[in-house]
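To start, the structure under review is shown below, and the notes come after it.
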Amino acid sequence: MATQQPELKLSYSHNVIEHLGLKLYQNRPTNVLAELVSNSWDADASNVWVEISNDHLAVFDDGCGMSRDILLENYLVIGKQKRTSNNLTEKTPKKRSLMGRKGIGKLAPFGIAKKLSLITISKETSKCYWIEINLSGLLARSETNNINDASYKPDVICDGVTIDDIPLNKDKHGYVNKFLQKIENGGTLIVMDELSLKRKISKKALMESIGQRFTVTLLRPDFSVYVDDEKVTEKLALPNFAYRFPESGYQTDTVSFNGEDREVRYWVGFVQQAEWSQDQAGVGVYAHGKIAQDRPFVFGAKGVEISTRYMYGVIEADWLDELPEDVVSTDRTSINWNNDATEPMYEWGQELVVKWIRDYRKQQKLDNEGKIIHKLKTLPDIPQVTPAERTILKDMVCNMSPKIYKDEQLQNEVIEKLTSAWTHRPTRKIINSLWDKVNTLQGSDNHFVEVLNDINEYLVPESLSLSVTVSQKIYALTKLNELSTNGTENQLQALLERFPWILGSDKGKVYANISIKEMAKQAALEGLLPAHGNTKKELKTMQPDSGTRPDFAFFSNDDKSTIIIVELKSPLIPLTYDHLMQLNTYYYWLKGIHPDASITGYLVGKNPGGAIKCDDPNFHILTWHDICVQSRKDYLELLSSMLNGIGEDCDDSRIQDVIDFGGEPARELLARMANSDHPLGDFFERLDNKLDS
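Per the working numbering, the very first residue in the sequence shown carries number 167; after that it's consecutive.
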């Protein structure tokens, strides 16, 4: 008689619980509480209450509760899907689309707690069930049975008792009593004990997170969430928007994706000041009222990075959660945009983001026109101009970068410089001759630095108008681009320290910080910071006034809240990861001294094919060519905005002077921009016609 073979079956171990559930939510309390809120939505609750304290948390609702059968067959089965291919669009009795899908959200509390208590009262039977689950027992039991199907028996406090028979003496935190007072005839309470959190959850942060992870908490009158008895509202959960499109509610469109008509709802807001972190800006995509693609996200839109920093967009597309293939990640932070069903929406979203930014900038311009006119009339110590000229100056300012709208001090400075440029014609011969000297300079580094100091002296005076300053910087960057192919580290360091704006037009408010240089020099001598190659030898033999090591430069603003570290290498020396590690060391050394400062590191040198990469947003790897091209582009855009704002009936010689200040290289670059359907095209055509005549 043949021996019977054991049946083929799939078994699981505690790793399934640990990796697919616990580690997904480990030390992410707001995500855990969001999972429980979504369960309350699926249970047709009208109200959800979240209670937070240092040692325990509770979430309870007035939903339908669970009968014994539902508790046994659904809640106590890990990984049982709420929705399958047969019921993807199924709705609750209140006609709600279900948020849950995968069946592992019940494990979420164990990401932050070692003990869970569940008390549920079924509206259908009015019976109460109270169980307690210990994580240690759950893992130990599944580990013991890692060959066969694991099972675990929770501690049962109540198994189908009436509300009057609930043993309140076991309610050690008072949550059960509060739960019973809040509900009418059914609901569920989850209590989390023995928390692994190191600090109490911030009420403000939690309210913001709930508002940002769900659309139903803010837009549905039949679903309210309370944190410590305070209702989560749009005012509390979201920032105050300077612009919102539409002004309230959302816009609904039907869009054809791959021949399928899909409904999408959306709205967007823009804040006046970006006081939030980068990961709170951008677009959130929601499905069934719950986040599916988390911020920061802009559908890959390019060239709008500055404005998206101020943007908070919401797009709802319920059909994303009803596709046969699950395209939403388990932790609901990203969508698979490479799927055939989602790829067309990605392209549509990119166009929508660009349109939002375009409309936002147009609105910004309209809102700022009146303010600019008022400043042109009332700012002290600026030349007075005629009403017609005032209109021209207003257009020039409004056509500039959106950054000028955000910074009142910068805006005032721009207006002051523009009016000075409008009424005066500063000389430029000395500055041009000095830059020509840089281009042909043959000699020591000291001579090079002396010439830079002379240039800086002539660029500083208040009499030098903004148009001259900007066009001179373009001219300078063009010359420096030539130098960047063979300049020495000493020359390039001196260059950056005299002109921090070379790193970009937004670096105009930082300066070379001598005190940080000296600290770094001393730390390198004492061995606290790395000094490779001949650097240490060079430091020891330097004269007292020679500064710090030649391959590092340090910049900061006045109060050192912003610090920039630049590790610069000769354009002839390829960058290595050792250089990046060295910059990393300097970064954390400075972070220890200035823990609250915003510190950014730049590694600049030769990087063929972009071989050296870094994903950390605090570090930027650039070539000297990158710096010259990007910075020159910034200032060209600023100058082109100024030129585009000049009326066609203004004095031609003055217009010609502004262009000539930048020299022939600047003229060539501006002409190239004009040929690319830039607004400058009309300006150059008018100018050339008049000059020819």
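Each residue gets a CB set at the ideal place from its N, CA and C atoms; glycine is no exception.
Predicted, not measured: the structure shown is a model, and the values here were computed from it.
Query                                                                                                                                                                        : Result
In the DSSP assignment, find the unbroken alpha helix (DSSP H) run with I765 in it and report its ends.                                                                      : Run containing I765: none in the alpha helix (DSSP H); it sits in the beta strand (DSSP E), S764 to V770.
For Q417, list the residues DSSP reports as bridge partners.                                                                                                                 : Y432
Output needed for L404: all residues of its chain with C-beta closer than 8 Å, excluding positions within five of it in sequence on either side, in chain order.             : E374, G377, Q378, L384, G435 and Y478
Would you list the one or two residues that DSSP bridges to P740?                                                                                                            : K772
What do you get for T544, buried or exposed, if any count of 16 or more other CB atoms within 10 angstroms of its CB means buried?                                           : exposed
Out of S233, D337, K261 and S263, which one is the CA nearest neighbour of T291?                                                                                             : S233
What is the residue span of the alpha helix (DSSP H) that A403 lies within?                                                                                                  : E400 to A403
How close, in whole Å, do the beta carbons of A678 and E663 come, if the pair is a contact with beta carbons under 8 Å?                                                      : 4 Å
Going by alpha carbons, who is nearest to E733 out of K726, T742 and S727?                                                                                                   : T742
Which word fits P774, buried or exposed, when buried means at least 16 other C-beta atoms lie within 10 angstroms of its C-beta?                                             : exposed
Please state whether the Cβ-Cβ distance between W790 and S650 is less than 8 Å.                                                                                              : yes
Count the other C-beta atoms from every protein chain shown that fall within 10 angstroms of the C-beta of I730, then say buried if there are 16 or more, exposed otherwise. : buried
If we call anything under 8 Å between Cβ atoms a contact, is K456 one with F407?                                                                                             : no
Under 8 Å, do F720 and K683 count as touching if we go by C-beta distance?                                                                                                   : yes
One question on the structure: do L301 and K281 come within less than 8 Å of each other, judged by their Cβ atoms?                                                           : yes
Report yes or no: do three or more beta-carbon pairs, one from the region 420-433 and one from the region 509-525, lie closer than 8 Å?                                      : yes
Quick one: residues in its chain with C-beta nearer than 6 Å to the C-beta of D427, no 5 flanking neighbours on either side, listed in chain order?                          : T420
Going along the chain, which residues of its own chain have a beta-carbon closer than 8 Å to the beta-carbon of R410, five neighbours each way excluded?                     : W433, V434, G435 and F436
Please classify R524 as buried or exposed, where buried requires at least 16 neighbouring CB atoms within 10 angstroms.                                                      : exposed
For D782 and chain C, any beta-carbon pair shorter than 8 Å?                                                                                                                 : Annotation note: the requested chain C is absent from the structure, which comprises a single protein chain.
If you measure between the beta carbons of I323 and K344, is that distance less than 8 Å?                                                                                    : no
Is C564 helix, strand or coil by DSSP?                                                                                                                                       : helix
Roughly how many angstroms separate the alpha carbons of T109 and K528, rounded to a whole number?                                                                           : The structure shown does not extend to residue 109, since the chain spans only 167 to 859, so no value can be given for it.
Can you tell me whether N205 is buried or exposed? The criterion is at least 16 other CB atoms within 10 Å of its CB, across all chains shown.                               : buried
CA-CA distance, N504 and K366?                                                                                                                                               : 39 Å
Since E396 sits in a beta bridge, which residues does DSSP pair it with?                                                                                                     : V393
Tell me, which residues are paired with D359 by DSSP?                                                                                                                        : K281
Using alpha carbons as the reference points, say which of V342, V243 and L346 lies closest to M358.                                                                          : V342
My assumption, with CB atoms under 8 Å, is that V520 sits in contact with A467. Please give the rounded CB distance.                                                         : 6 Å
Kindly indicate which three-state DSSP category N534 falls into: helix, strand or coil?                                                                                      : helix
My output table needs one value for I730: the three-state DSSP class, helix, strand or coil.                                                                                 : strand
Does DSSP put A115 in a helix, in a strand, or in coil?                                                                                                                      : As shown, the chain starts at 167 and ends at 859. That puts residue 115 outside it, with no answer to give.
Where does Y318 sit, in a helix, a strand or coil, going by DSSP?                                                                                                            : coil
May I have the straight-line CA-CA distance separating V398 from Y392, to the nearest angstrom?                                                                              : 6 Å
Please classify G758: does DSSP put it in a helix, a strand, or coil?                                                                                                        : helix
Terminal residues of the continuous alpha helix (DSSP H) containing D208?                                                                                                    : P195 to D208
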